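Contents: one structure, followed by commentary.
Here is the structure:
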């Protein structure tokens, strides 16, 4: 078979191809393939190249899409032009594939350049006068396709597969590469197929996004409750459980088992195989990060709260028991420090905080609240132990934000509330607790210290319409939201004095964290340009209520934006862009971590912030 | 605890040590430890250093070993001098530990610098104001000990062990490193213990050398028959067996099982544990190399005889099922091409052929003969299929060189022979066959074509004394070595016409190989300065006989030297010196491999060389 050399400009990538190969095929072989809308059918006219040396006749497709002037200048369609002699070809649109993630009306744009990539290789046939080993022939073929490959490496398992793969595939194989390391070899040309999944492993919920690693498109989203929840609701109880005999292994297998199920479910939904999935990225808080990796989280749980490892890791999927392609790799984002984990790094990656000139405050509120403040000049972060009040736990009628939960309350003329899934209420979730207490504060029905005023001491005229709801229950004052006739279970739903205390502790912790970050970095409220609320709770709360109770400084109310599951977005960015993943290490290391427990004025500031500010 | 900085010259290696640390201890921490005969007891006076900055009082040991002049110049003993302030210290004898292997009266000298090394690290204690992760503290400590370490990596298994190792070892651990990769962590200071084993895996025999990787000393030698022999005596029958169902796995496990037994035996003999062994190096022919690695050797067995992989490999010992320390690594020397395997590369490494100005011919004669010819300017090599005659197989009364074998024959006045282990003979081994046929040629009892002359046609007067031994047996002439009354089993031992034919084919193959290497590289006999015979058979044969039958060109007889198991020596070099191991790749790649089968005149040259040259 006759072969010719085609040289691509810019970049001077050279390769040998069989006579009759199209320029587009050669571009794909050289790893220069770009996004051609029609897929090489000669219909879109987007794959224009300039043939600088070498003759190429015009084709019907060329004539449909190119002007006479184009033609004179050597412009041709890469898909329609075949190679019949040595050629030099200029690629006119060498722009790499980009990804555009919408994160609340702001665009996050980055180049798609995944960690793993596939190269289709046609290996030469050995002879008595060319007795190179299988490996050497593969190495030389790949080096010809990509000049960045040098000192090619492979694990023993690949060397063991190599002779059969070459011979059964009739010298055609696709190599799966991580840098200059061959992690997989597949018979024939499989270079068009490469899926990946980005995971956000929360203490409560695990979300997985199935992505096409070649186009960058999101194909499917799946989620599940973190099955570790049965061994403890928050990170501290998980750490305690992990310290018991076989506890670590149990928790590790629980989370990897759940992820395996999600992988299977996502693949099945879109009619693909587990084997089509090559890359997984993971964002998680520090404890979930360690448990996912099977690393003991004990030291995170006791002062001085150090983790075992923070920096970004690349681990073979099989080492973690994850059932994807056997070449599959897991890209675990770096933690920052203490309880500020890889999920916060992912939020930073999603929001591009380190590129902004203006200062942002980012809150990811949950049992542990992570707080980040800064801009491209400096970023500070801390973690505040808010406790479970925001998730409805340890609240008299509290429940998660599920069907039957009162999720929002308003006090306009009379009390109104909405219930998730409509119907009669069963309890209240965190966002409703926030609304309720905010209303009581604004109506003057509780004082600065959070204590209910007795009905006859109410002074605010607006509060009078709600006076009847302030009743005695088991010896203390409570605020009745729904009486027994209104609820599904026939028991009343109320906000108790104790519920208010719990919320005060929770909001006091977060507010103190915000205050201390501002103090240590010398930033005033006025300097803050935007407040970004990440995560499920942040997405659901009423910003006015959050400001009314002092969870977020009141003066920032108009600057609040919800950014959804930014940790998940960051995990997607890390999966689609090796560059962004590697940047994440520097980003995480650049954040100044403030350990609230070691801040001398923490107790005072925390106590102050448990109070409500009355107008 | 107070700490000081000590800076070593030359090289400007800096580290922090606790007050009171001796300079010698600091040198060891910095990886600058040299070979102190007394082990730091202040007795030998060899560890002289010059304190360039920083005060150090003289000690009793100093005074015993240093002159007043020394003293004035700041010379002290490193073992006797403690660090009590920041110091700059000049190392006066920075010569690295060297290894000296005697390979037949020629010295092979190289620096001992093993692939794996151990660094003892004292990890800092974290606090609320220093909340670095375990990994980061380890990374920083190691980087302070060795400035060449950067971007430290570790497999997940090490990260999982890390928190316990740090805490149970009270912040003291020893890291086992391969470059900047942590492969093992051990509690406390284990840096003085590191053993390794070099293996020469032959088709018939496996030899293992137990070495101290710190001093370079050989501690023990062990060997065994390659248990693969039960599945076929030569490489071709092993390749055939490997092609059967589960054949490859059977052969792979047979050899790794045998190596595991040798490791256990060697360790036990010297009272050490398997766990003390960290490195293994392997030299083997191409087929043994593939079977050891569990790689199919099928393609080596059929034209064009290509291997799956040639270049040097580093593989985790556990991946191969080898039972040594779990950080253990296996360093497999590179093959050259075709049947010229890593054992030949090892021979080149042992003989330093690529450094010699003069031309050497190296022969490793066995079932497959490997032949190398060259100097630092050019090296050519080939493999010649000699068949099993040299090992006594397919010879009428042939046997291996074991107890009962006639191993040497002389024809002075009357026939004399020696028997291995004394006593009555049972058969003859290869070296005796060589002597026997050489004698018959020199006595003119066989002609140029190897055919026996009938007794009445003998003309050489010296042959008359042996005439009676030329007898008829089963219809052909044979030469009687021992009659039935002289042997252990009561059957006669003879050299038959067929035995001579077998030897002719064997010696013809080797001699043709030598001739073709000379032809293709334009080298004449006179140009060859030395002939080195490697391997067991080479070590045992009578050089005069080898030349008399034309196995080795007659004119080279006085240039022959035996170099013993040079492949084993090369494996030791590769184990003790990472640099030599890495050089082996270039060395193997630089050898011009001649495939005899593709050499147009091979058949003619082979046929010519089956003849005997008579005076």
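Protein chains in written order, with this note's numbering: chain B, 1 to 615; chain F, 616 to 1230.
A virtual CB, placed ideally from N, CA and C, is assigned to each residue, including glycine.
On a predicted model such as this, the values are computed, not experimentally measured, just so you know.
| Check | Outcome |
| --- | --- |
| Range of the contiguous beta strand (DSSP E) that encloses residue 737 of chain F | 731-737 |
| Cut-off 6 Å between Cβ atoms - residues of its own chain near residue 614 of chain B, not counting five sequence neighbours on either side | 448 |
| Reference residue 577 of chain B, options B:259, B:350 and B:58, closest by Cα | B:350 |
| Three-state secondary structure assigned by DSSP to residue 1089 of chain F | coil |
| 8 Å contact criterion, which residue 693 of chain F and residue 642 of chain F should meet: CB distance rounded | 6 Å |
| Helix, strand or coil at residue 705 of chain F [DSSP, three-state] | strand |
| Residue burial classification, residue 476 of chain B (beta-carbon count within 10 angstroms, cutoff 16) | exposed |
| Coil, strand or helix - residue 979 of chain F by DSSP | strand |
| Residue interval of the beta strand (DSSP E) (run including residue 251 of chain B) | Run containing residue 251 of chain B: none in the beta strand (DSSP E); it sits in the alpha helix (DSSP H), 247-269. |
| Local conformation of residue 547 of chain B per DSSP, three classes | helix |
| Nearest to residue 1056 of chain F (by Cα), restricted to the options F:1081, F:1155 and F:1043 | F:1081 |
| Burial state of residue 41 of chain B, where buried means 16 or more other Cβ atoms lie within 10 Å | exposed |
| Separation of residue 975 of chain F from residue 670 of chain F, as counted between CA atoms | 57 Å |
| Cross-chain neighbours of residue 640 of chain F in chain B, by beta carbon under 8 Å | Correct list: empty, because the minimum Cβ distance to chain B is about 28 Å. |
| Touching by the beta-carbon criterion (3+ pairs, under 8 Å), the region 1034-1044 of chain F and the region 1010-1021 of chain F | yes |
| Whole-angstrom distance between residue 324 of chain B and residue 278 of chain B, CA atom to CA atom | 6 Å |
| Interface flag, residue 748 of chain F vs chain B, CB-CB below 7 Å | yes |
| Burial state of residue 1074 of chain F (16 or more Cβ within 10 Å) | exposed |
| Chain-order list of residues whose beta-carbon lies under 6 Å from that of residue 154 of chain B (same chain, five-residue window excluded) | 182 |
| Range of the contiguous alpha helix (DSSP H) that encloses residue 691 of chain F | Per DSSP, residue 691 of chain F belongs to no alpha helix (DSSP H); it is in the beta strand (DSSP E), 690-692. |
| C-beta atoms of residue 784 of chain F and residue 799 of chain F nearer than 7 Å | no |
| Sequence-distant residues of its chain with Cβ nearer than 7 Å to residue 581 of chain F (five each side left out) | Missing from the structure shown is residue 581 of chain F; chain F here goes from 616 to 1230 and no further. |
| Test: residue 909 of chain F CB closer than 7 Å to a CB of chain B | yes |
| Cβ shell of residue 287 of chain B (< 7 Å), same chain only, five flanking positions each side left out | 235, 238, 239, 297 and 300 |
| Under 8 Å by beta carbon: chain B residues contacting residue 1103 of chain F | By Cβ distance, chain B contributes nothing, its closest Cβ being about 47 Å from residue 1103 of chain F, past 8 Å. |
| Residues within the region 579-595 of chain B neighbouring chain F, beta-carbon criterion of under 8 Å | 593 and 595 |
| Coarse secondary structure for residue 1021 of chain F, derived from DSSP in three states | strand |
| Contacts around residue 511 of chain B, its chain only, beta-carbon distance under 7 Å, and the 5 residues preceding and following it disregarded | 550, 551 and 609 |
| Residue burial classification, residue 604 of chain B (beta-carbon count within 10 angstroms, cutoff 16) | exposed |
| Residue 774 of chain F at chain B interface by Cβ criterion, 7 Å | yes |
| Alpha-carbon spacing of residue 385 of chain B relative to residue 494 of chain B, whole angstroms | 25 Å |
| Reference residue 923 of chain F, options B:355, B:163, B:367 and B:498, closest by Cα | B:163 |
| Residue 735 of chain F versus residue 761 of chain F: straight-line alpha-carbon distance, rounded | 11 Å |
| Residue span of the alpha helix (DSSP H) that contains residue 1155 of chain F, given as start and end | 1150-1155 |
| Collapsed DSSP secondary structure at residue 641 of chain B in the structure displayed | Here chain B has residues from 1 to 615 only, and residue 641 of chain B is not among them. |
| Distance between residue 276 of chain B and residue 570 of chain B (C-alpha atoms, nearest Å) | 22 Å |
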